[in-house]
Amino acid sequence: MADDHPVLMGAAEITDFIRGSFPGHDPGHVVEEVTPGRTVVRLPASYAMLRPGGTISGPTLMAMADTAAWAATLAEIGPVALSVTSHLSIHFLRKPRPGDLVATTEVLRRGRRQAVVEVRIRSGDDPDPVASATVTYAIPSSPEPPAPAS
Numbered sequence: 630m631a632d633d634h635p636v637l638m639g640a641a642e643i644t645d646f647i648r649g650s651f652p653g654h655d656p657g658h659v660v661e662e663v664t665p666g667r668t669v670v671r672l673p674a675s676y677a678m679l680r681p682g683g684t685i686s687g688p689t690l691m692a693m694a695d696t697a698a699w700a701a702t703l704a705e706i707g708p709v710a711l712s713v714t715s716h717l718s719i720h721f722l723r724k725p726r727p728g729d730l731v732a733t734t735e736v737l738r739r740g741r742r743q744a745v746v747e748v749r750i751r752s753g754d755d756p757d758p759v760a761s762a763t764v765t766y767a768i769p770s771s772p773e774p775p776a777p778a779s
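The numbering of the sequence shown is this note's numbering, which starts it at 630 and goes up by one.
This is the structure we're talking about:
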């Protein structure tokens with residue numbers, strides 16, 4: 630898959646685009662690496678990620694998987710804000726220790742109307758994943774809606 634589609638956006642461009650798309654909510658995701666078919670996204674540790682028991686919450690892991698998959702999709706299709714999640718399946722593999730989350734993605738398939746992305750999430754420097762997800766993004770038939778007529 631990696632050779633099938635060129636990279637249309639770099640790491641800094643994707644990070645800025647994600648932050649600009651949700652100006653009222655920025656948990657701090659940073660796209661660290663973009664190569665054909667693969668991205669690496671980091672979410673710096675914060676108190677808001679924790680749940681009772683000293684672990685990172687499930688909703689935080691799901692949001693990380695979704696954001697990382699969106700970053701991988703944007704890398705291949707460019708700045709299309711209206712690409713949306715159509716399916717997300719996640720497996721929580723083990724209790725994540727508090728710390729930065731790092732997601733590595735692989736684009737399994739990308740067509741004109743959808744992208745299927747595999748996401749593996751690690752906690753801190755631990756090499757073993759704490760969660761694994763498959764995310765499908767729906768890609769609109771036209772990049773952005775036309776501006777309203779004035």
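All C-beta atoms, glycine included, are put in the ideal place defined by N, C-alpha and C. The model shown is predicted, which means the values in this text are computed figures rather than measured ones.
Y766 counts as buried, since at least 16 other C-beta atoms from the protein chains shown sit within 10 angstroms of its C-beta. If you draw a 10 Å sphere on the C-beta of D695, you find 16 or more other C-beta atoms in it, and that means buried. In the structure shown, S712 falls within a coil segment according to DSSP collapsed to helix, strand and coil. Pairing S752 with V759 gives a Cβ-Cβ distance under 8 Å.
Judged by beta-carbon spacing, T734 lies within the 8 Å limit of A697, meaning their Cβ atoms are closer than that value.
Per the DSSP secondary-structure output, T733 pairs in a beta bridge with V669 and R749. Spanning the alpha carbons of T714 and L690 requires a straight line of approximately 15 Å. Closest in C-alpha terms to A674, from the list E705, R667 and S686, comes S686.
Take L703, set aside five residues on each side of it, and the residues of its chain with a beta-carbon closer than 6 Å to its own are M638 and I643, in chain order. Residues of the same chain with a CB within less than 8 Å of the CB of L679, apart from the 5 flanking positions on each side, are I685, S686 and P727 in chain order.
Only residues of its own chain outside the window of five on either side were considered, and among them V660, E661, E662 and V663 have a CB closer than 7 Å to the CB of A640, listed in chain order.
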